[in-house]
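A short worksheet on the structure shown next.
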Amino acid sequence: MDIALLSELAAWEATLSPADTADPLWKLHAYRVSRYLLDRCLVDIQKASPPLHVQTADQLRRATASVSANLAEGYSRRTANDRLRFYSYALGSLRETTVWYLSVRAHLPADALQARIDLIAQARRLVLGLHAHVARTGGWKPRIEREAKGE
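Using my numbering, the letters of the sequence shown map in sequence onto residues 251 to 401.
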């Protein structure tokens, strides 16, 4: 992740309430980046010029929101297969988000569009890494699962 993006992410995180960042899910870097992407998406929709068609704006927002929602759902699942399924959904949502951003490129400044495409690519790399880790190792195991196996 490049230094500029890290500093933007840190500045954004500083604006959030402790309630937002207290959840153990917040430790998942891919989740934090996807939440930042959603925040930027909402700003982009508001600032689009000319304004986006209502359905287009809604599709962009829903695709982007789906990334963090699927990461959260997957993080909370007990089995590696369930986690992998939701992380795969997050990857699909990232691809959909890319398509929607490219479809509204005439409404956004070129630098803003490129920044979002770069952010999506970074989120995709993080989710791919997370997916590979869970596929290889089974990922983290909830405490109750570890205790049941005597670990």
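Quick reminder that beta carbons are idealized off the backbone N, C-alpha and C, glycines included.
This structure is a prediction, so every number in the text was calculated from the model and none was measured.
Helix, strand or coil: which one does DSSP assign to R396?
-> With a pLDDT of 47 at R396, under the threshold of 50, the predicted position of this residue should be treated as unreliable, though the coordinate-derived value follows. Of the three classes helix, strand and coil, the one that applies to R396 here is helix, per DSSP.
Report the residue from H383, L259, L310 whose alpha carbon sits nearest the alpha carbon of A330.
-> H383
Buried or exposed (CB count within 10 angstroms, at least 16 for buried), S257 = exposed
With DSSP collapsed to three states, give me the class of L302.
-> coil
In or out: S284 buried (at least 16 other Cβ within 10 Å) or exposed?
-> buried
In terms of residue numbering, what span does the alpha helix (DSSP H) encompassing V377 cover?
-> 360-387
With DSSP run on the structure shown, which of helix, strand or coil describes A260?
-> helix
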